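Those letters in the sequence shown? Residues 170 to 280, per the numbering used here, in order. Report on the following structure.
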Amino acid sequence: LYAIGGDSNTVVGAAEAMQGVAQLTSALPVGYLADKLSRSRVISWGGMLMLMATLATLLTLAREESTDVPAHTVLVQMCACLCLWGVANGFMTGPVQALFADSTPAGRKLD
170 LYAIGGDSNT VVGAAEAMQG VAQLTSALPV GYLADKLSRS RVISWGGMLM LMATLATLLT
230 LAREESTDVP AHTVLVQMCA CLCLWGVANG FMTGPVQALF ADSTPAGRKL D
């Protein structure tokens, strides 16, 4: 991102902020879904989103390396990939921690 964004820390910070906002906005509704549905089902959806984010990132980087795509286009695509990563993290983080806490015996949670 730094090189694509013209050696700018501001661009990197803005892109990472987009990822954080995507994770923040997805975490609360996903937590509600995980409580109402199956945590493992929501985690599997998050796994699929992570796979999609990985493929999108790889395709964006491969396209940037192999063609003469303008840097601005690649930067926008990378920001979209980071937003997808944020949503995927929102799907995974809370439900995984809740599932782990549920699997710990009641008397052992403070050890």
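Built from N, CA and C at the ideal position, the CB exists for glycine as well. Note that the coordinates shown come from a computational prediction; the quantities given were computed from them, not determined experimentally.
query: At a cut of 8 Å, does the region 208 to 227 reach the region 243 to 254 through at least three beta carbon pairs?
result: They touch, by the three-pair rule.
- prompt: Quick one: Cα of Y171 to Cα of A183, how far?
  reply: Walking along the sequence shown from the start, residue 171 turns up at place 2. Walking along the sequence shown from the start, residue 183 turns up at place 14. Approximately 11 Å, taken between the alpha carbons.
task: Check whether the Cβ atoms of L244 and V180 sit closer than 9 Å, and answer yes or no.
output: In the sequence shown, residue 244 corresponds to position 75, counting from 1. In the sequence shown, residue 180 corresponds to position 11, counting from 1. In contact: L244 and V180 (Cβ atoms closer than 9 Å).
message: Threshold first: 4 residues or longer. Then list the alpha helix (DSSP H) segments lying entirely within the region 198 to 232, N to C.
response: Those alpha helix (DSSP H) runs which fall completely within the region 198 to 232 and span 4+ residues do not exist here.
- request: Put D176 into one of helix, strand or coil per three-state DSSP.
  value: Here residue 176 is taken as the residue at index 7 of the sequence shown, counted from 1. When secondary structure is reduced to three states using DSSP, D176 falls in the coil class, being assigned neither helix nor strand.
task: Let me know if P264 comes out buried or exposed under the rule of 16 or more other beta-carbons within 10 Å of its beta-carbon.
output: One-based indexing of the sequence shown puts residue 264 at position 95. P264 counts as buried, since at least 16 other C-beta atoms from the protein chains shown sit within 10 angstroms of its C-beta.
field: Short Cβ contact (9 Å threshold) for A203 with A275
entry: Stepping through the sequence shown from its first residue, residue 203 is reached at position 34. Stepping through the sequence shown from its first residue, residue 275 is reached at position 106. Going by beta carbons, A203 and A275 fall outside the 9 Å limit.
C-alpha gap between I212 and F269, whole angstroms: Locating residue 212 in the sequence shown gives position 43, where the first residue counts as 1. Locating residue 269 in the sequence shown gives position 100, where the first residue counts as 1. When rounded, the separation of the alpha-carbon atoms in I212 and F269 is 12 Å.
task: Give every residue of the same chain whose Cβ lies closer than 7 Å to the Cβ of Q188, excluding the five residues on either side of it in the sequence, and list them in chain order.
output: Taking the sequence shown and counting its residues from 1, the one referred to as residue 188 is at position 19. Contacts found: L251, C252, W254 and G255.
- request: Return helix, strand or coil for P274, following the three-state DSSP convention.
  value: The count along the sequence shown starts at 1 and reaches residue 274 at position 105. P274: coil per DSSP, three-state reduction.
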